[in-house]
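Plus 26 on top of the position in the sequence shown (first one is 1) and you've got the numbering used here. From the three backbone atoms N, C-alpha and C, an ideal C-beta is built for every residue, glycine too. Model, not experiment: these values are computed from the prediction. Structure first, commentary second.
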Amino acid sequence: MANMEKIETRIARVQAKLDALLLRRGELNKQIADTQKILDELKAERKVKKLGTLDEIAESKGLSVDELLTAIQNGDLYSLQEKLESAQSADAENDAETAIAESEVESREEGTET
Numbered sequence: 027m028a029n030m031e032k033i034e035t036r037i038a039r040v041q042a043k044l045d046a047l048l049l050r051r052g053e054l055n056k057q058i059a060d061t062q063k064i065l066d067e068l069k070a071e072r073k074v075k076k077l078g079t080l081d082e083i084a085e086s087k088g089l090s091v092d093e094l095l096t097a098i099q100n101g102d103l104y105s106l107q108e109k110l111e112s113a114q115s116a117d118a119e120n121d122a123e124t125a126i127a128e129s130e131v132e133s134r135e136e137g138t139e140t
């Protein structure tokens with residue numbers, strides 16, 4: 027009978043240890059899930075920020091994100107290059123025309139001052 031009491035005592039001790047470990051595992055699983063959720067939210071926020079930055083850059087070059095994505099998807103980056111070069115040429119022409127117009131205005135103003 028003494029052996030039986032020792033076994034029962036050991037069973038009770040091991041069961042208590044198991045219960046504590048299971049409780050801790052439950053707490054850890056909740057912490058893991060919460061941390062994973064935060065990480066997923068941060069990654070989504072990073073994607074949104076990158077897309078916003080891409081949109082700003084594309085827009086400043088006269089493109090849209092849709093055009094960029096379509097070109098990448100179709101493997102047609104050459105058409106983007108052509109569009110960028112065309113936009114740069116148009117900007118250069120506009121800058122030249124503006125400079126000429128400003129020069130003419132300055133010349134007229136100088137002529138009226140004397």
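- When the alpha-carbon of E111 is set against those of K73, I58 and L89, the nearest one is in L89.
- Judged by beta-carbon spacing, A97 lies beyond the 8 Å limit of V91, meaning their Cβ atoms are not closer than that value.
- Q107 and E132 have their C-alpha atoms spaced approximately 37 Å apart.
- For L47, the uninterrupted alpha helix (DSSP H) run begins and ends at A28 to S86, by DSSP.
- Assignment of L94 by DSSP, reduced to helix, strand and coil, places it in the helix class.
- C-alpha of L80 to C-alpha of E130: approximately 39 Å in a straight line.
- Just so you know, the alpha carbons of L65 and N100 end up roughly 32 Å apart.
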